[in-house]
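Residue numbers (full-length UniProt numbering): 1 to 124.
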């Protein structure tokens with residue numbers, strides 16, 4: 001997303017991949033400095049970005065419905081969702097969605113944090 005610090009990595013046969021500098025893969029990629037290239041965001045007015053978030057909450061009936069409704073009410077397009085529940089009844093949900101305005105992300109996260117039982121929401 002615009003505003004993230006990113007690095008480019010020249011792949012073998014797939015062009016350049018862009019990673020956040022705090023990505024779990026970034027450290028391994030830095031071991032091959034000859035394949036790193038400088039990249040920067042230049043978003044246009046019609047740019048769409050993919051955002052991945054994780055939601056951690058106490059499991060309960062209708063939790064998934066409440067989270068997806070909150071995301072939809074924020075006008076993001078959900079592309080992927082997965083939920084697992086631990087033996088301690090903690091629901092860990094991951095969502096991938098499209099977003100046009102990166103400055104809107106904090107509002108989206110705030111809306112999800114306001115859901116009953118949700119105790120953490122963050123980008124992954």
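Even glycine gets a Cβ: it sits at the ideal position worked out from N, Cα and C.
How many angstroms separate the CA atom of residue i from the CA atom of residue j?
{"i": "residue 36", "j": "residue 29", "result": "8 Å"}
{"i": "residue 88", "j": "residue 15", "result": "43 Å"}
{"i": "residue 10", "j": "residue 48", "result": "23 Å"}
{"i": "residue 90", "j": "residue 42", "result": "39 Å"}
{"i": "residue 38", "j": "residue 62", "result": "45 Å"}
{"i": "residue 102", "j": "residue 111", "result": "15 Å"}
{"i": "residue 40", "j": "residue 55", "result": "29 Å"}
{"i": "residue 95", "j": "residue 12", "result": "29 Å"}
{"i": "residue 119", "j": "residue 70", "result": "15 Å"}
Counting along the chain, where does the alpha helix (DSSP H) carrying residue i start and finish?
{"i": "residue 108", "result": "105 to 113"}
DSSP on residue i, reduced to helix/strand/coil?
{"i": "residue 30", "result": "helix"}
{"i": "residue 66", "result": "helix"}
{"i": "residue 20", "result": "strand"}
{"i": "residue 35", "result": "helix"}
{"i": "residue 116", "result": "coil"}
{"i": "residue 72", "result": "helix"}
Counting along the chain, where does the beta strand (DSSP E) carrying residue i start and finish?
{"i": "residue 48", "result": "Careful: residue 48 lies outside any beta strand (DSSP E) and carries neither H nor E."}
{"i": "residue 80", "result": "77 to 85"}
{"i": "residue 140", "result": "Coverage of the chain is limited to positions 1 through 124, which leaves residue 140 absent and any answer about it impossible."}
Below 8 Å, can you find three or more Cβ-Cβ pairs linking the region 110 to 119 to the region 52 to 70? Below 8 Å, enough C-beta pairs join the region 110 to 119 and the region 52 to 70 to call them touching: three or more.
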